[in-house]
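Taken in order, these protein sequences are the chains called A and B.
Per the numbering used here, the first sequence starts with residue 144, numbered consecutively.
Per the numbering used here, the second sequence starts with residue 9, numbered consecutively.
Think of the CB as a built atom: it goes at the ideal place given N, C-alpha and C, for glycine as much as any other residue.
Reading through the structure tokens given below for one structure.
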Amino acid sequence: MKKLWSFILLLVIAVFAVACSDNASGSDDEQKLEIFSWWTGAGEEDGLNALIDLFQEQYPDIEVENAAVSGGAGTNAKAVLATRMAGDDPPSTFQVHGGAELNESWVAAGKMEPLNDFFEEEDLMDKFPQELIDLVSKDGNIYSVPVNIHRGNVLWYNKHIFEEHGLEPPTTFDEFFDVAEQLQAAGVTPLALGDKESWTASHLFETVLLAELGAEDYGKLWTKEIGFDDDRVVAAAETFVRMLEYVNEDHSSRNWQDASQLVGNGDVAMNVMGDWAKGYFSNDLNLVTNEDFGYVPTPGTNGTFMVITDTFGLPKGVSNPDDVKSFLSVLASVEGQDTFNPLKGSIPARVDADQSKYDQYGKDTIEDFNKDELAASIAHGSAAPEGFVTKLNQAINILVTQQDVEQFIDSLVAASEEL
Amino acid sequence: MTKDRWMAVGFLMPSFLLIVIFVYGFIGWTGYVSVSNWNSIVQDLSFAGLKNYIYLFQDYRFQADLRNTLFFTILFIGLIIILGLTLAVLLDKQLKGESIFRNIFFFPMALSFVVTGVVWQWLLNPSTGINNFLQTFGIQPKWYTDTNILAGFQWGKIEFGVPVAIIAVVIAAVWQMTGFALAMYLAGLRGIPEEIREAARIDGASELYIYRKVVIPQLRPITVSVIIIMAHISLKIFDLIYAMTGPGANFVTDVPGVYMFETTFRGNYYANGAAIAIIMLLTVAIFIVPYLWNARRGSS
Chain A
144 MKKLWSFILL LVIAVFAVAC SDNASGSDDE QKLEIFSWWT GAGEEDGLNA
194 LIDLFQEQYP DIEVENAAVS GGAGTNAKAV LATRMAGDDP PSTFQVHGGA
244 ELNESWVAAG KMEPLNDFFE EEDLMDKFPQ ELIDLVSKDG NIYSVPVNIH
294 RGNVLWYNKH IFEEHGLEPP TTFDEFFDVA EQLQAAGVTP LALGDKESWT
344 ASHLFETVLL AELGAEDYGK LWTKEIGFDD DRVVAAAETF VRMLEYVNED
394 HSSRNWQDAS QLVGNGDVAM NVMGDWAKGY FSNDLNLVTN EDFGYVPTPG
444 TNGTFMVITD TFGLPKGVSN PDDVKSFLSV LASVEGQDTF NPLKGSIPAR
494 VDADQSKYDQ YGKDTIEDFN KDELAASIAH GSAAPEGFVT KLNQAINILV
544 TQQDVEQFID SLVAASEEL
Chain B
9 MTKDRWMAVG FLMPSFLLIV IFVYGFIGWT GYVSVSNWNS IVQDLSFAGL
59 KNYIYLFQDY RFQADLRNTL FFTILFIGLI IILGLTLAVL LDKQLKGESI
109 FRNIFFFPMA LSFVVTGVVW QWLLNPSTGI NNFLQTFGIQ PKWYTDTNIL
159 AGFQWGKIEF GVPVAIIAVV IAAVWQMTGF ALAMYLAGLR GIPEEIREAA
209 RIDGASELYI YRKVVIPQLR PITVSVIIIM AHISLKIFDL IYAMTGPGAN
259 FVTDVPGVYM FETTFRGNYY ANGAAIAIIM LLTVAIFIVP YLWNARRGSS
């Protein structure tokens, strides 16, 4: 009998050993530096790989693992990240948007190490614009290192189409609807949208919202000083619905790349997308800036800059914090930023980066960033916590098909309880 | 107890323990989370009562999910049974090269739902695939991007009726799973002794009549098995829809599985997500429990 029980015990132990061996083998490669991101598209992947190469040149002894998870502008990666963080198995460092996505979730949950000492040691305090430092800080502590700045409110347009029809890119909504009308009359679809994943529609909506409210009042939405039942929010929703009359019919089966491709190929005239679309145009479609495609701020947002910043931080409980800091220091260096950003289509987060490395779009954007009023993006998690973003995406999805502005405002007001 | 019995208990114990912990224990944990306030990354297990459930049943998206699941399940199982049975009857005719046909029809089963989803997403994309061919006849269905609801009327917050977009998903799912029903029915048909048919023939019954009155009634237990197995697949389907359409415009192709994933892992609403998971478990239980009950009564 005794034998039998010990046999059973052995079996149970064996099964548990198998179940746990995953963790055991995890500790073997603790020297590996695991870089977690969702950069798998052409421009962004090139940027990341160039950055990793640069890091390997300076630190050949540290083994790097590129743990990128593709899909859905990061939504898949965020899901993987959430499970790993919950299971106390954080990657060495991970991509996170500055703002609420960092501060209201990971920092609030106590999962991040403060990096104040690192910023002091590396002499970084005055190398980033104060607004960016604020985006990655909570309660006086800095929690991550910005690698780039993306602009969200860009209207991309196909230059050939605009030249052919003798049109100027619109800067106000009056001009936009005027241009759209003319294009539609000429048989060209005016605006490209790919809202298979609804964040692209949210992205379009937030630029309209920014135009209606202006940067300052737009910011007050997130501090609840202005409610979502404000007249201007309603007006933004109405303008958004009106814009939908001019989008491609198959928008719900396309993603943002497919939609940008329509503009690149000359099937559709305009597209509202962040400047990762620039990386896509240049790197994937081999289009030439200001020759094949042009750019202006989205209607009504001249002088404002919708900021999206990718940052990397140091999670609590990683086994190789020094290696991570080495990576962050390369990431924060002028060389690191100028290696990464020209390929990704974004501009450097550092104020002292080498502007000659960037094409005309980059130069213009750097200039705009320095003089424009800044606003934080909702669709990309900077302005509001992930919970609100999810509910906004749902409400937008319904709005796009039902076009019921009143119901949309109701759901936004309900969702704003999450703020 | 005899030594044999002890041995039997001993061999069962490890898997018993594992299932108690990893199946029932985790169901219990999910149930517990579903009545908590844990709706952000910061864990909060304080008791919330039925708040999460009440929220769900008032939620536009979840009501749409229940509608979609209902029609998806009906169409999916109905078509699988009809197609599976028809193909099995045709194959049962002892034709040459039967095994080739059997393999052709059974092969999609070997694919993952994710692969099926991606392939059919391309095929049924309104601007490529099948539509390129259909365009030459002047028709251009919108497939899974269609937001129309057939025979719809307002029910709760949603329009209740058959969502046209679901049909595209059903096509993909049926394509994948018909082989399974075919194999089940074929085995069933082979199990019916030829003598019975012979006897009926001698009595002057036509082939059609034999199928209607003799063969198909005998296949009832198989139909029940097919329904049970397909029902639990269709009620908790996730991968096919996630890969093929996602929630779809106006949530016409959304299902609780996709909603659960997005709520939990994108919105970090862990308690809401757990509530969806529990509701999914209950809907599957509606099919499985009577079946288990029946099986137990039958065997004792």
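Contact with chain B by Asn540(A), beta-carbon distance below 8 Å: Along the first sequence, read from residue 1 onward, the residue named residue 540(A) stands at position 397. It does; some Cβ of chain B falls within 8 Å.
Quick check on Gln546(A) - is its C-beta less than 8 Å from some C-beta in chain B? Walking along the first sequence from the start, residue 546(A) turns up at place 403. False, the Cβ-Cβ gap to chain B never drops below 8 Å.
With a threshold of 8 Å between beta-carbons, can Gln327(A) be considered close to chain B, or not? Position 184 of the first sequence, counted from the start, is the residue given in the question as residue 327(A). It does not; no Cβ of chain B falls within 8 Å.
Given that Asn258(B) touches chain A, what residues does it touch there, using C-beta distances under 7 Å? If you number the second sequence from 1, residue 258(B) lands on position 250. Result: Asn540, Ile541, Thr544 and Gln545.
Between the Cα of Leu95(B) and those of Pro149(B), Phe161(B) and Thr186(B), spot the shortest distance and give me the residue it belongs to. Here the question's residue 95(B) lines up with position 87 in the second sequence. Nearest option by C-alpha distance: Thr186(B).
Is Glu200(A) helix, strand or coil when you go by DSSP? If you number the first sequence from 1, residue 200(A) lands on position 57. Glu200(A): helix per DSSP, three-state reduction.
First through last residue of the beta strand (DSSP E) which encompasses Gln238(A): Position 95 of the first sequence, counted from the first residue, corresponds to residue 238(A). Residue range Thr236 to His240 is occupied by the beta strand (DSSP E) that includes Gln238(A).
Buried versus exposed call for His303(A) [16 or more other C-beta atoms within 10 Å across all chains shown]: For the purposes of this step, residue 303(A) is taken as residue 160 along the first sequence, with counting starting at 1. The residue in question, His303(A), is exposed, as its Cβ has fewer than 16 Cβ neighbours within 10 Å.
At the level of alpha carbons, what is the spacing between Leu131(B) and Glu188(A)? If you number the second sequence from 1, residue 131(B) lands on position 123. If you number the first sequence from 1, residue 188(A) lands on position 45. Straight-line Cα distance between these residues: approximately 28 Å.
Check whether Gln503(A) and Thr432(A) have beta carbons under 8 Å apart: Walking along the first sequence from the start, residue 503(A) turns up at place 360. Walking along the first sequence from the start, residue 432(A) turns up at place 289. Yes, Cβ-Cβ distance for Gln503(A) and Thr432(A) is below 8 Å.
Going by alpha carbons, who is nearest to Leu74(B) out of Trp163(B), Ser120(B) and Gln148(B)? Reading the second sequence from its first residue, position 66 is the one you call residue 74(B). Out of Trp163(B), Ser120(B) and Gln148(B), the CA that lies nearest to the CA of Leu74(B) is found in Trp163(B).
Cβ closer than 7 Å: which chain A residues qualify as neighbours of Thr155(B)? The sequence position of residue 155(B) within the second sequence is 147, counting from 1. In chain order: Thr544.
Residue range of the unbroken beta strand (DSSP E) whose run includes Thr144(B): If you number the second sequence from 1, residue 144(B) lands on position 136. First-last for Thr144(B): undefined, no H or E at that position.
Could you confirm whether any beta carbon from chain B is found closer than 8 Å to the beta carbon of Ala225(A)? Here residue 225(A) refers to the residue found at position 82 when the first sequence is read from its first residue. Ala225(A) counts as touching chain B.
Closer than 9 Å by beta-carbon distance: list the chain B residues that pair up with Asp393(A), in chain order. Within the first sequence, the letter at position 250 stands for residue 393(A). Ordered by position in chain B, the residues that pass the 9 Å Cβ test against Asp393(A) are Asn133, Pro134, Ser135, Lys150 and Thr153.
In its own chain, which residues sit with a C-beta less than 6 Å from the C-beta of Asn276(B), not counting the 5 before and 5 after it? Locating residue 276(B) in the second sequence gives position 268, where the first residue counts as 1. Correct list, in chain order: Ser48 and Ile49.
The stretch 191–200 of chain A touching the stretch 240–250 of chain B, judged by at least three CB pairs closer than 8 Å: no
Can you name the residues of chain B whose CB is closer than 8 Å to the CB of Glu340(A)? Along the first sequence, one-based indexing puts residue 340(A) at 197. Simply Gly254.
Beta-carbon of Ala558(A) versus every beta-carbon of chain B: anything under 8 Å? Indexing the first sequence from 1 puts residue 558(A) at position 415. So no, Ala558(A) is outside the interface.
Lys254(A) in three-state terms, based on DSSP: Position 111 of the first sequence, counted from the first residue, corresponds to residue 254(A). Three-state result, Lys254(A): coil.
When you compare each of Lys175(A), Glu208(A), Val288(A) and Ala252(A) to Leu457(A) by their alpha carbons, which one comes out closest? By 1-based counting over the first sequence, the position of residue 457(A) is 314. For Leu457(A), the nearest C-alpha among the options comes from Val288(A).
Find the residues of chain B that neighbour Gln537(A), judging by a C-beta separation of less than 7 Å, and give them in chain order. Numbered from its first residue, the first sequence carries residue 537(A) at position 394. Ordered by position in chain B, the residues that pass the 7 Å Cβ test against Gln537(A) are Arg69.
Specify, as a first and last residue, the run of the alpha helix (DSSP H) that Gly39(B) falls within. Along the second sequence, read from residue 1 onward, the residue named residue 39(B) stands at position 31. It spans Phe34 to Ser42 - the alpha helix (DSSP H) in which Gly39(B) sits, taken as one unbroken run.
Interface partners of Gly597(A) on chain B, CB under 9 Å: Look at the range of chain A in this structure, 144 to 562, and you will see that residue 597(A) is not part of it.
Is there a Cβ from chain A that is less than 8 Å from the Cβ of Glu270(B)? What you label residue 270(B) is simply residue 262 of the second sequence in a count that begins at 1. Output row for Glu270(B): interface = yes.
For Pro298(B), does the count of other Cβ atoms within 10 angstroms reach 16, so buried, or fall short, so exposed? Within the second sequence, numbered from 1, the residue matching residue 298(B) stands at position 290. Pro298(B) should be labelled exposed.
Between Ala279(B) and Ala56(B), which are expected to be in contact by the criterion C-beta below 8 Å, what is the C-beta distance as a whole number of angstroms? The residue given as residue 279(B) occupies position 271 in the second sequence. The residue given as residue 56(B) occupies position 48 in the second sequence. So it is a contact: roughly 7 Å between Cβ atoms.
In the DSSP assignment, find the unbroken alpha helix (DSSP H) run with Gly256(B) in it and report its ends. For the purposes of this step, residue 256(B) is identified with residue 248 of the second sequence, where counting begins at 1. Taken as a continuous stretch (DSSP letters only), Gly256(B) belongs to no alpha helix (DSSP H), as it is neither H nor E.
Arg294(A): first and last residue of the uninterrupted beta strand (DSSP E) it sits in: For the purposes of this step, residue 294(A) is identified with residue 151 of the first sequence, where counting begins at 1. Asn291 to Arg294 is the extent of the beta strand (DSSP E) around Arg294(A).
For Leu245(A) and Pro257(A), I'd like the C-alpha separation in whole angstroms. Counting from 1 along the first sequence, the entry for residue 245(A) is found at position 102. Counting from 1 along the first sequence, the entry for residue 257(A) is found at position 114. Between Leu245(A) and Pro257(A), the C-alpha separation is close to 12 Å.
For the ligand MG, is there a heavy atom less than 7 Å away from the beta-carbon of Val390(A)? As for the ligand MG, it is missing from this structure, which has no ligand bound.
Less than 8 Å between CB atoms is the rule here; does Lys459(A) satisfy it with respect to chain B? Reading the first sequence from its first residue, position 316 is the one you call residue 459(A). Not one chain B Cβ lies under 8 Å of Lys459(A).
What does DSSP give as the partner residue(s) for Gly456(A) in the beta ladder? To locate residue 456(A), count along the first sequence from 1; it is residue 313. Per DSSP, Ser287(A).
Taking only beta carbons into account, state which residues of the stretch 238–260 of chain A come closer than 9 Å to chain B, listed in chain order. Look at the stretch 238–260 of chain A: the residues with a C-beta under 9 Å from a C-beta of chain B are Glu247, Ser248, Trp249, Ala251, Ala252, Gly253 and Lys254.
Within its chain, find whatever has a CB closer than 8 Å to the CB of Tyr267(B); leave out the 5 residues flanking it on each side and keep chain order. On the second sequence, residue 267(B) is found 259 positions in, with the first residue counted as 1. Cβ neighbours of Tyr267(B) beyond the five flanking positions: Arg69, Phe70, Asp73, Pro255 and Ile284.
Please report whether the beta-carbon of Thr218(A) lies at a distance below 8 Å from any beta-carbon of chain B. In the first sequence, counting from the first residue as 1, residue 218(A) sits at position 75. At least one chain B Cβ lies under 8 Å of Thr218(A).
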